[in-house]
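Its first residue numbered -4, the sequence shown is counted upward by one per residue in the working numbering.
Every residue gets a Cβ at the ideal spot worked out from N, C-alpha and C, and that includes glycine.
Please read the structure below before turning to the comments.
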Amino acid sequence: MGNNLIEYCKTCLNPSTRPNTFFNREGLCPVCVYERNKRAESIDWEERRQEILHIKKWGQENTGSTYDCIVTVSGGKDSTRQAFFTKDELGMNPLLVSCLYPPEQLTKRGAYNISNLIETGFDCLSISLDPLKWKALMRHGFIQFGNHLRSCEMALYAIPIHVAIAYKIPLLFYGENPALTIGEKHGRLDGDAIEMQEGNTIKGGPESLNFGEGTPQDYHFYEYPTYDDMKNANLRIVYLGYYIQDWYGHKNAEFAMSKGLITRTDLPQDIGDLWGFSCLDEEFTIVNQFLKYHKLGFGRVTDQVCEAIHQGMITRSEAVDLVKKYDGACAEKYISMFCDYIEITLDEFWCHVDKITNKDLFEHVNGKWQPKFEVK
Ligand SMILES: [Zn+2]
-4 MGNNLIEYCK
6 TCLNPSTRPN
16 TFFNREGLCP
26 VCVYERNKRA
36 ESIDWEERRQ
46 EILHIKKWGQ
56 ENTGSTYDCI
66 VTVSGGKDST
76 RQAFFTKDEL
86 GMNPLLVSCL
96 YPPEQLTKRG
106 AYNISNLIET
116 GFDCLSISLD
126 PLKWKALMRH
136 GFIQFGNHLR
146 SCEMALYAIP
156 IHVAIAYKIP
166 LLFYGENPAL
176 TIGEKHGRLD
186 GDAIEMQEGN
196 TIKGGPESLN
206 FGEGTPQDYH
216 FYEYPTYDDM
226 KNANLRIVYL
236 GYYIQDWYGH
246 KNAEFAMSKG
256 LITRTDLPQD
266 IGDLWGFSCL
276 DEEFTIVNQF
286 LKYHKLGFGR
296 VTDQVCEAIH
306 QGMITRSEAV
316 DLVKKYDGAC
326 AEKYISMFCD
336 YIEITLDEFW
346 CHVDKITNKD
356 LFEHVNGKWQ
366 PKFEVK
């Protein structure tokens, strides 16, 4: 079926169906261009070091608190790396901020990891949101958009900003610039994250969810503070990954595991994840990646192999095999858990899958959606 329903980057496997991505005339995605520049040593790391030290100084001069920066954490590999980087490498005094999943959603592994991170010597402010509204929003997101994580992402991004304004800590660190790691361009191609709220899935805030219940006050922490509030608070939001030369999944996982992080032992054919060190604190991301695969023709395995190609861990043809085998995989048990959680039946779930599946990319064969596109 040698068609090109999906174009792939010539050197990695970034797909043309990724939202907000673009290939250059050579057929390369933005990540490959960035990585090529990095290899050609056209990136001056000493200059970046000086830049982040300036940012640190700015944070210390402009804080109205005893903390000089905020690091958003989930207790996973990336946030663990960032927390230690600000404290040990930059010599800063970070306040960690986390939004905890409701107990029904948070895994034991996730609870352990965040506790473990705090116990290594950090102050952490954790915010828990009303689990009933949380769940209602997830259910609504699934039914309306086939994406139950949109509301969660809104809260995860907005909460640290509310905290920054309330505690007068204007410097916030986030992990990675999606334009540089997965080639999804929301804002600028550097360490500045101030335009992050334009991100594909969180754009528009709670209003964009068309959720008819409740008043805006009910969704305070899902909503970004206004642009004026952010401006008046003199916020500076920075992607820390941009300043760390060996910032990538495996390195971050290796570092976090040396600090006690517990990862998954599940198999790739069950979780659509090759390495088992992402999204450790809950299981419904696995279902979300499965849904994304049906909408866009790629899931987490595609992201992972692209990074692995860039790190020289696998070849492009090995990547093709892995994507064909595992991308979009999701064991029945996660789907059942998800349906139990948002209180729908399995039939309703599959009905929605049929609805959201991209019929240009998939066809129904023997009761299953099979890709019409060829990964190559
Ligand atoms: Zn590429």
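Item to check | Whole runs of the alpha helix (DSSP H) within the segment 230 to 313, excluding any shorter than 4 residues | outcome: 244 to 253, 263 to 266, 279 to 291 and 295 to 305
Checklist entry - Within 8 angstroms: the Cβ of V26 and any heavy atom of ligand 1? => result yes
Item to check | For S121, the residue or residues it bridges with in DSSP | outcome: S93
Checklist entry - Is the distance from the Cβ of G59 to the Cβ of N108 below 9 angstroms? => result no
Item to check | Beta carbon of P168 nearer than 9 angstroms to that of T115 | outcome: Checking the sequence shown, residue 168 turns out to be Phe, not Pro. No.
Checklist entry - Where E302 and A314 are concerned, what is the direct C-alpha to C-alpha distance, given to the nearest angstrom? => result 10 angstroms
Item to check | Outcome for T16 when other beta-carbon atoms lying within 10 angstroms are tallied against a minimum of 16 | outcome: buried
Checklist entry - When the Cα atoms are used, what is the spatial distance from L291 to D355? => result 10 angstroms
Checklist entry - Rounded C-beta distance between L235 and Q77? I'm assuming under 8 angstroms. => result 5 angstroms
Item to check | Cβ neighbours of Y3 in the same chain (closer than 8 angstroms, five flanking residues each side left out) | outcome: N9, P10, S11, V370 and K371
Next on the checklist: Rounded to the nearest angstrom, what separates D261 and Y222 at their Cα positions?
Outcome noted: 42 angstroms
Item to check | beta strand (DSSP E) segment containing F168, residue limits | outcome: L166 to Y169
Checklist entry - Would a C-beta distance cut-off of 9 angstroms place K5 and E21 closer than the cut-off? => result yes
Item to check | Simplified DSSP assignment, three categories, for F344 | outcome: helix
Item to check | Residue from E358, Q55, Y288 and G255 with nearest C-alpha to L438 | outcome: In the structure as shown, the chain starts at -4 and stops at 371, and residue 438 therefore has no counterpart that could be examined.
Next on the checklist: Just verifying my parser: in three-state terms, what is the DSSP assignment at C24?
Outcome noted: coil
Item to check | Proximal residues to L48 (C-beta, below 8 angstroms), its chain only, five neighbours per side dropped | outcome: L85
Checklist entry - Three-state secondary structure (DSSP) at T67? => result strand
Item to check | 7 angstroms Cβ shell around Q264 - same chain, five flanking residues per side excluded | outcome: Y321 and A324
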